[in-house]
Structures are given as C-alpha cells and as structure tokens.
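Remarks on the structure that follows.
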Amino acid sequence: NAGVTQTPKFQVLKTGQSMTLQCAQDMNHEYMSWYRQDPGMGLRLIHYSVGAGITDQGEVPNGYNVSRSTTEDFPLRLLSAAPSQTSVYFCASSYLGRTRGELFFGEGSRLTVL
Amino acid sequence: GQQVMQIPQYQHVQEGEDFTTYCNSSTTLSNIQWYKQRPGGHPVFLIQLVKSGEVKKQKRLTFQFGEAKKNSSLHITATQTTDVGTYFCAGHRGNKLVFGAGTILRVKS
Chain A
30 NAGVTQTPKF QVLKTGQSMT LQCAQDMNHE YMSWYRQDPG MGLRLIHYSV GAGITDQGEV
90 PNGYNVSRST TEDFPLRLLS AAPSQTSVYF CASSYLGRTR GELFFGEGSR LTVL
Chain B
5 GQQVMQIPQY QHVQEGEDFT TYCNSSTTLS NIQWYKQRPG GHPVFLIQLV KSGEVKKQKR
65 LTFQFGEAKK NSSLHITATQ TTDVGTYFCA GHRGNKLVFG AGTILRVKS
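In order, the protein sequences belong to chains A and B. All residue numbers for the first sequence refer to this note's numbering, where the first residue is 30 and numbers rise by one. All residue numbers for the second sequence refer to this note's numbering, where the first residue is 5 and numbers rise by one.
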C-alpha cells in the first residue's frame with residue numbers, strides 16, 4: 030500500500046517559473062490537503078478538498094491553485110513562483126467522518142525558488 | 005497567523021527528564037490531534053482526543069484535552085533519545101485541520 034505519494038521530492042525554480050507538485054493517494058480518502066512548512070511556523074494549510082470537484086482555500090492560498098478531478102489526485106500549481114514560496118510542501122489525506130480521521134502525510138517536496 | 009498556539013517553541017532536556025508541550029485555541033475545537041515529525045521526516049499521527057476532559061496514554065506519553073475543549077497537552081515521562089523531533093497539535097475548524105507551530109524537542113544523552 031503506497032499511501033500518499035508526492036512528486037517531485039526536490040525542485041529548484043527561477044522566479045516567475047510555473048510548476049505543479051503532484052499528489053496521489055490510494056486509500057480512497059475523501060479529504061486531501063496541501064500544507065507548507067517553514068521554520069518556526071509549523072504547518073500552514075494552503076488548499077484542501079473534501080471530494081472530487083470540490084476545493085477550498087486554507088490559511089495561505091495566495092499564489093497557489095488546486096483542482097480535484099479524481100478522488101486519488103490533488104495537484105498543487107504554482108503559476109508564477111516567488112522566493113517567498115521556498116518551503117517544504119506536504120500533501121496529506123484522510124477519511125471524513127463525524128470525528129474526522131487521522132491525516133496521512135506524503136514524504137514532502139522541498140522547493141527552492143531563486 | 006497561527007490560530008492554534010503551541011508552547012514552548014523549543015525544549016532541550018536531559019535524557020530521563022520529563023517533557024510537556026501545551027496547545028491553546030481561542031475557540032472551541034471539535035477534536036485535537038497530535039503528530040510527531042522526526043528530523044527530515046514527515047508528520048506522523050499519534051492520537052486524537054474528542055471528549056471534554058479526555059485523557060489518553062501511550063506508554064510514556066500522556067495526552068489531555070481540556071474541559072472547555074480549548075486546550076490540550078502532551079506529556080512525555082522519562083524522555084529517551086528516540087523522542088527527539090517536533091510535536092504538533094492540530095484542531096479541526098469545520099473541515100480545516102489547523103496546526104500549531106510545533107514544539108521542537110532535543111534530548112541530551
């Protein structure tokens with residue numbers, strides 16, 4: 030069971046370039062989300078989705094787009110990368126329920142924007 | 005900014021000493037979850053508390069959820085070097101799971 034798979038693990042971009050971070054889960058989870066992790070700031074929610082065709086903004090959505098065309102995939106798009114987007118990005122998924130489920134994280138994608 | 009506050013930001017203890025991290029929210033949480041992230045790794049789920057005043061134990065780890073469901077704590081008894089990492093609390097606001105900034109634990113052997 031692969032769990033949550035993120036690609037790429039490392040990426041270097043120049044300011045203004047665009048890219049997509051891929052995330053796939055094979056646990057049939059309804060809920061998927063993207064977080065960024067910066068030193069001293071913990072994990073901040075970028076976007077999340079409660080099912081195919083449904084997405085919503087988190088705490089820090091500016092500069093990022095998402096879509097959820099299937100239950101399995103939840104790509105994160107940077108349209109015009111900025112140095113402030115240098116961070117470690119985590120995709121995570123869970124079941125939805127009355128008491129919510131534990132979040133399963135991918136291994137992370139380290140992005141550097143020059 | 006962070007809507008779930010976590011303290012301390014950093015703690016360095018001698019192996020065998022106890023460790024506690026605290027989590028506080030300005031609003032009532034439907035539940036609280038705790039995660040551990042080893043250096044260079046990804047967060048891994050430890051436990052979820054749902055009921056007011058709930059206390060759960062996992063070996064040397066004790067988790068508490070406050071009566072008002074606005075605060076929580078994680079206590080580690082007799083720390084070991086394997087406890088090193090960052091401990092995060094997280095609470096649901098609707099469908100959003102909001103994390104605290106985390107407490108970094110270092111253990112001197």
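Glycine included, each C-beta is placed from N, C-alpha and C at the ideal position.
Spell out whether any CB of chain B is found under 8 Å from the CB atom of residue i.
| i | result |
| --- | --- |
| residue 105 of chain A | no |
| residue 32 of chain A | no |
| residue 48 of chain A | no |
| residue 131 of chain A | yes |
| residue 74 of chain A | yes |
| residue 77 of chain A | yes |
Residue i: which of the options sits nearest, CA to CA?
| i | options | result |
| --- | --- | --- |
| residue 52 of chain A | A:45, A:38, A:46, A:44 | A:38 |
| residue 114 of chain A | A:141, A:96, A:102 | A:141 |
| residue 83 of chain A | A:59, A:42, A:35 | A:59 |
| residue 74 of chain B | B:30, B:25, B:11, B:24 | B:30 |
| residue 13 of chain B | A:45, A:69, A:44 | A:69 |
Would you say residue i faces chain A, with C-beta separation under 8 Å as the test?
| i | result |
| --- | --- |
| residue 102 of chain B | yes |
| residue 72 of chain B | no |
| residue 16 of chain B | no |
| residue 57 of chain B | no |
| residue 23 of chain B | no |
| residue 68 of chain B | no |
Please state if the CB of residue j and the CB of residue i are separated by a distance shorter than 8 Å.
| i | j | result |
| --- | --- | --- |
| residue 88 of chain B | residue 64 of chain B | no |
| residue 67 of chain B | residue 51 of chain B | yes |
| residue 117 of chain A | residue 40 of chain A | no |
| residue 48 of chain B | residue 40 of chain B | yes |
| residue 132 of chain A | residue 50 of chain A | no |
| residue 98 of chain B | residue 27 of chain B | no |
| residue 91 of chain A | residue 108 of chain A | no |
| residue 22 of chain B | residue 83 of chain B | yes |
| residue 71 of chain A | residue 46 of chain B | no |
| residue 91 of chain B | residue 24 of chain B | no |
I need the boundaries of the beta strand (DSSP E) containing residue i, first residue and last residue.
| i | result |
| --- | --- |
| residue 61 of chain B | 59-62 |
| residue 77 of chain A | 72-80 |
| residue 51 of chain A | 48-54 |
| residue 28 of chain B | 23-29 |
Please work out which residues of its chain come closer than 7 Å, Cβ to Cβ, to residue i, disregarding the five sequence neighbours upstream and downstream, and give them in chain order.
| i | result |
| --- | --- |
| residue 98 of chain A | 81 |
| residue 102 of chain B | 7, 8, 94, 95 |
| residue 101 of chain A | 53, 54, 55 |
| residue 19 of chain B | 83, 84, 85, 111, 112, 113 |
Just to confirm my understanding: we take residue i, look at its own chain, exclude 5 residues before and 5 after, and list those with CB closer than 8 Å. What are they?
| i | result |
| --- | --- |
| residue 72 of chain B | 32, 56 |
| residue 32 of chain A | 54, 55, 56, 133, 135 |
| residue 85 of chain A | 76, 77, 78, 79 |
| residue 73 of chain A | 64, 65, 66, 67, 87, 88, 89 |
| residue 10 of chain B | 25, 26, 27, 28, 92, 93, 104, 105, 106, 107 |
Excluding the five sequence neighbours on either side, which residues of its own chain have a C-beta within less than 6 Å of the C-beta of residue i, listed in chain order?
| i | result |
| --- | --- |
| residue 61 of chain A | 78, 103, 122 |
| residue 112 of chain A | 142 |
| residue 69 of chain B | 36, 53, 58, 76 |
| residue 139 of chain A | 39, 117 |
| residue 46 of chain A | 110 |
Is residue i near the ligand GDP, with its Cβ less than 7 Å from a heavy atom?
| i | result |
| --- | --- |
| residue 115 of chain A | This structure lacks the ligand GDP, and indeed carries no ligand of any kind. |
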